[in-house]
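So the structure is just underneath, and the comments pick up after that.
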Amino acid sequence: MRIGILTGGGDVPGLNPCIKAVVNRAAANGWEVVGIRKGWAGLLNYNPDDPDGSSEWIQPLTPAHVRTIDRSGGTHLHTSRTNPAKVKPAAIPAFLQGKFEPSGEKKLIDATPHVLRVLEHLGVDTLIPIGGDDTLSYAARMHQEGIRVIAIPKTMDNDVFGTDYCIGFSTAVTRSVEFINALRTPAGSHERIAVVELFGRNSGETALISAYLGDADRALISEVPFDIERVANFIMDDRRNNPSNYAVLVISEGASMLGGQVVEYGQEDAYGHRKLGGIGQIVGEALTKITKVDILNQQLGYLMRAGAPDSLDRMVAASFGNLAIQQLEKGHDGVMVALQNGVYTTVLVDSSIRGVKRVDVPELYDTEQYKPHITHLVGKPMFLY
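According to our numbering, the sequence shown is numbered sequentially starting from -9.
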């Protein structure tokens, strides 16, 4: 067996321990592992007619290669947001120019036939893609095309449908709680309102859990549009009730005001997403205008995904990697490894495109007070999902 492994989408802490676990267990079975660099872009840009000129896209992986990679964050294989089924003509490699016709309203190119040719050339008969719902949507396509696939979910938003937990979530929450608490000192010293913006496009789970654990005064999540006047009244009450005369508001980057829109900028990526960010600044300016109180505005951004993983992400990453190889040992494929109700399991590889995973608002959030509120704890798994 020759396994191709890749990481796609945003990097998160825990990817390297997962890669290491896959390589070590595969090697113990006598299986070869090939690292595909920069996500699906590695297969798009590899030229089977010029293997020597394409060496930057492929990397042999042995236990010696991965011996120390788990000691750092990021991804040893690097990453991208490439979708070979939806490539802009300008992004097509030179050696593929003119070989595919753009189609559809957006005039995109489906280079999947080329990807299949590359896999055949490389002798890769199994793919282990590690990614979020975008990356794994193309993994489902590969399985439809007859490639053996074992998918591994990762995203600090923790929003891949079919699993309760994704690699990177715990570390993102850990980092966020640390920074929320650290920001209390300048917020308190200057008696300000701290507005802390966290990642979270469509799911506000990271902001919700970080606010819950960091004891933030209020939390605004992607799933619930908010009334800025009410938020201002609440946060001023919180400030007055604090002996140090400050308050902390946590907000998801995908949150929006009532009647407003999600704040986006830049061009769409290969999966149709524009960059998010800026709602914290907008809310801060609105709060200053309403309350006349100065704002401490902090967008945590990439600090949430920077550095090495925490212990929980190490455990899940290593376990997901081992579980992926265990599935191959049993002759299984077409699955995504997952955690459900605290138990390791597998689901169909296309689960990530069968639904959406969002905050269970009635169970976990007070829409009137804009605060985390755990309605029932009995029967909830560790991360409340």
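Cβ atoms here follow ideal geometry from the backbone N, Cα and C, with glycine treated the same way.
Cβ-Cβ separation, Arg15 to Gly113 (assumed contact under 8 Å), whole Å: Beta-carbon to beta-carbon, Gly113 and Arg15 are separated by about 20 Å, too far to satisfy the 8 Å threshold.
Start-end ranges of the beta strand (DSSP E) lying completely within the stretch 166 to 223, minimum 3 residues: Qualifying beta strand (DSSP E) stretches, in chain order: 183 to 188 and 208 to 210.
Whole-number beta carbon distance between Arg229 and Ile183, since they are thought to touch under 8 Å: Right, their Cβ atoms sit about 6 Å apart.
Beta-carbon proximity check, Leu126 vs Met326, cutoff 8 Å: Yes, the pair counts as a contact, with Cβ atoms nearer than the cut-off.
Leu367 (DSSP reduced to helix, strand or coil): Coil, per DSSP.
Identity of the residues DSSP links to Asp356 by a beta bridge: Note: Asp356 sits in a beta bridge opposite Lys361.
Range covered by the beta strand (DSSP E) that runs through Asn287: Start and end: Ile285 to Gln289.
First through last residue of the beta strand (DSSP E) which encompasses Gly274: Not the beta strand (DSSP E): Gly274 falls in the alpha helix (DSSP H), residues Ile269 to Thr281.
Any 3 or more C-beta pairs closer than 8 Å across the stretch 61 to 70 and the stretch 105 to 112: No: fewer than three Cβ pairs fall under 8 Å.
Coarse secondary structure for Gly136, derived from DSSP in three states: Under the three-state reduction of DSSP, Gly136 is assigned to coil, being neither helix nor strand.
Within 8 Å, strictly: CB atoms of Val186 and Val240: For Val186 and Val240, yes; Cβs fall inside 8 Å.
Opposing strand residues paired with Gln49 [DSSP bridges]: According to DSSP, which records beta bridges pairwise, Gln49 is partnered with Gly25.
Cα-Cα separation between Thr52 and Arg27, rounded to whole angstroms: Using only the alpha carbons, I get a separation of about 15 Å.
According to DSSP, residues forming a beta bridge with Pro119: Leu(-4).
Rounded separation between Ser179 and Val139 - CA only: Cα to Cα, the separation comes out at about 54 Å.
Residue closest to Trp47, alpha-carbon to alpha-carbon, out of Leu98, Val105 and Lys97: With distances taken between Cα atoms, Trp47 lies closest to Val105.
Minimum C-alpha distance to Gly268 - residue among Leu293, Ile285 and Ala245: With respect to the C-alpha of Gly268, the residue from Leu293, Ile285 and Ala245 having the closest C-alpha is Ala245.
For Val339 and Ala130, the rounded distance between their alpha carbons: For Ala130 and Val339, the distance between alpha carbons rounds to 6 Å.
Alpha-carbon spacing of Asp1 relative to Pro74, whole angstroms: Looking at the two C-alpha atoms, the distance is approximately 19 Å.
8 Å contact criterion, which Ile225 and Leu277 should meet: CB distance rounded: Contact flag correct, Cβ pair sits at about 7 Å.
Exposure label - Thr164; buried when at least 16 CB within 10 Å: So Thr164 ends up on the buried side.
Own chain partners of His363 with C-beta closer than 8 Å, once the 5 adjacent residues on each side are dropped: Result list for His363: Leu354, Tyr355 and Asp356, in chain order.
Cβ-based burial, Pro376 [other Cβ within 10 Å; buried from 16]: Within the shown structure, residues of the chain are numbered from -9 to 375, placing residue 376 beyond reach of any answer.
Cβ-based neighbour list, Ala31, same chain, cut-off 6 Å, excluding 5 preceding and 5 following: The beta carbon of Ala31 lies closer than 6 Å to those of Ser70 and Thr72 in the same chain, with the five residues before and after it left out.
Spatial distance of Asp227 from Val221 (CA atoms): Straight-line Cα distance between these residues: approximately 10 Å.
Paired residues, beta bridge with Thr161 - DSSP: Partner(s): none; Thr161 has no beta bridge.
Where the beta strand (DSSP E) containing Ala296 begins and where it ends: It is not in any beta strand (DSSP E) - Ala296 carries neither H nor E in the DSSP assignment.
Run of the alpha helix (DSSP H) containing Thr102, from where it starts to where it stops: From DSSP, the alpha helix (DSSP H) with Thr102 extends over Thr102 to Leu112.
Helix, strand or coil at Gly262 [DSSP, three-state]: Only weak support exists for where Gly262 lies, its pLDDT of 49 falling under 50; the value from the coordinates is given anyway. Gly262 falls in the coil class under three-state DSSP.
Sequence-distant residues of its chain with Cβ nearer than 7 Å to Pro38 (five each side left out): Around Pro38: Arg107, Val108 and His111.
Test item: CB-CB of Asp154 and Asn312 under 8 Å: In this structure, Asn312 does not lie closer than 8 Å to Asp154 by Cβ.
Backbone secondary structure at Leu34 - three-state DSSP: For Leu34, the three-state secondary structure derived from DSSP is helix.
Cβ pair count under 8 Å reaching 3, the stretch 293 to 305 against the stretch 83 to 95: Here the stretch 293 to 305 does not lie against the stretch 83 to 95, with fewer than 3 beta-carbon pairs under 8 Å apart.
Delimiting residues of the beta strand (DSSP E) encompassing Ala237: Annotation: the continuous beta strand (DSSP E) that includes Ala237 extends over Ala237 to Ser242.
Three-way DSSP call (helix, strand, coil) for Gln87 in this model: The three-state reading of DSSP puts Gln87 in coil, since its state is none of H, G, I, E or B.
Between the CA atoms of Ser234 and Thr58 - distance to the nearest angstrom: Each residue's alpha carbon lies about 45 Å from the other.
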